[in-house]
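Asks: This is the structure I want to talk about, given as structure tokens.
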Amino acid sequence: MPDKILLADDDEDNRTIMRLALTRAGYAVTLAQDGQEAMDAVKREVPDLILLDLSMPRVTGWEVVRWLKGDPRWRDIPVLAYTAHAMNGDERLALEAGFDGYVPKPSLPRRTLEAVAARLAARGLPS
């Protein structure tokens, strides 16, 4: 059974490109266009990993990661910040907020796939 990836991004082009890359890599992909849709998707079908944009309408990625990490049902789902916030210090802020990794946009789909595969491979390993 393929790993389930939830991709939450308000940019339709990013969703399309990454859905194609993730699907070709063998993942089952669920899409969300904002944070509220991402939270609803988690409740319906718990993903193995979440790629989460930080700046989205309605509910931001920052709010979603707080919700996830604050709930024992979801706190162990790895969440990668998938974001155009690429200023000095943004990665540190994302990790401090509870994200398990950081993938800047734009980047080649290969780089995102490598980050996803590495984080999924690390599941269950001691920190």
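In short: position in the sequence shown from 1, add 144, done, that's the working numbering. Ideal Cβ positions, reconstructed from N, Cα and C, are used throughout, including at glycine. None of the values given here were measured: they were computed from a predicted structure.
(1) Taking the beta carbon of leucine 212 as the centre, do at least 16 other beta carbons fall within 10 Å, making it buried, or is it exposed?
(2) For the structure I just gave you, are there three or more beta carbon pairs, one from the region 234-243 and one from the region 259-267, closer than 8 Å?
(3) Judging by CA-CA distance, which residue of Phe243, Pro250, Lys249, Leu150 is the nearest neighbour of aspartate 192?
(4) To the nearest angstrom, how far is the alpha carbon of histidine 163 from that of serine 251?
(5) Could you check if glycine 179 is buried or exposed, using at least 16 other CB atoms within 10 Å of its CB as the buried criterion?
(6) Which of the three DSSP states is assigned to lysine 249 in this structure?
(7) Exposed or buried, arginine 159, counting other C-beta atoms within 10 Å across all chains shown (16 or more means buried)?
(8) State yes or no: is the C-beta of aspartate 197 within less than 8 Å of the C-beta of aspartate 153?
(9) Looking at the secondary structure, which residues open and close the alpha helix (DSSP H) in which valine 186 lies?
(10) Skipping 5 residues on each side, what residues in its chain have a beta carbon closer than 8 Å to that of aspartate 184?
(11) What's the gap between the Cα of proline 146 and the Cα of threonine 167?
Replies: The answer reads as follows:
(1) Label assigned to leucine 212: buried.
(2) Segment contact: the region 234-243 against the region 259-267, fewer than three CB-CB distances shorter than 8 Å; contact not assigned.
(3) Selected option, being the one with the closest Cα: Leu150.
(4) The question names histidine, but residue 163 in the sequence shown is arginine. Separation of arginine 163 and serine 251 (C-alpha to C-alpha, rounded to the nearest whole angstrom) is 14 Å.
(5) Buried is the call here.
(6) In the structure shown, lysine 249 falls within a coil segment according to DSSP collapsed to helix, strand and coil.
(7) By the C-beta density criterion, arginine 159 is buried, having at least 16 other C-beta atoms within 10 angstroms.
(8) Less than 8 Å separates the beta-carbon of aspartate 197 from that of aspartate 153.
(9) Unbroken alpha helix (DSSP H) run through valine 186: 179-188.
(10) Same-chain partners within the cutoff: Ala176.
(11) Each residue's alpha carbon lies about 10 Å from the other.
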